[in-house]
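The block underneath contains the structure these notes are about, expressed in structure tokens.
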Amino acid sequence: MTEHEFNQEMLCHPLRSLRGKSVDVAIRAYYKLTDAFDAKICTGAEDAEGHPQPAEALQRKLINNYALGLRARMTEEFSIPERDFQEALHRHR
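Residues 38 to 130 (my numbering) are what the sequence shown spells out, left to right.
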């Protein structure tokens, strides 16, 4: 997957589909997107129950950077302060 394809699939299309929606809808989408990103870059290893193993340190850093970038784009898109977005994240997790 190229960087452009990634940006389209994981940032542009989801953010466009959220326009005009409530912040609560955006928060749920945020968690779905970060989980999807986590699954995309997971190591492929599974535990005895078939669950993906946690990503390695570099992959974890990529996940965190993606989540931070997505959060920044969402706060801008929805014109809400970062603090309010953080509070909404904690309510929904």
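C-beta atoms are modelled at their ideal positions from N, C-alpha and C, and glycine is treated no differently.
Here the structure is a predicted model, which means the values were calculated and not measured.
In the DSSP assignment, find the unbroken alpha helix (DSSP H) run with residue i in it and report its ends.
i, result
"Ile117", "Element bounds for Ile117: n/a, residue is neither H nor E."
"Ala71", "According to the sequence as given, residue 71 is Thr; it is not Ala. Where Thr71 is concerned, the enclosing alpha helix (DSSP H) stretches over Val60 to Ile78."
"Arg53", "His50 to Leu55"
Out of the options, which one is the CA nearest neighbour of residue i?
i, options, result
"Lys58", "Asn102, Gln45 and Glu114", "Glu114"
"Thr71", "Ile117, Pro118, Gln96 and Gly87", "Gln96"
"His129", "Asp121, Met111 and Ile64", "Ile64"
"Thr112", "Asn101, Gly87 and Val60", "Val60"
"Leu105", "Leu48, Gly87 and His88", "Leu48"
DSSP on residue i, reduced to helix/strand/coil?
i, result
"Ala125", "helix"
"Thr39", "coil"
"Glu86", "coil"
"Gly106", "helix"
If I'm right that residue i touches residue j with Cβ under 8 Å, what's the distance once you round it to whole angstroms?
i, j, result
"Leu55", "Ala66", "6 Å"
Just mark residue i as buried or exposed, buried being the case when its beta carbon has 16 or more other beta carbons within 10 Å.
i, result
"Pro118", "exposed"
"Ala125", "buried"
"Tyr68", "exposed"
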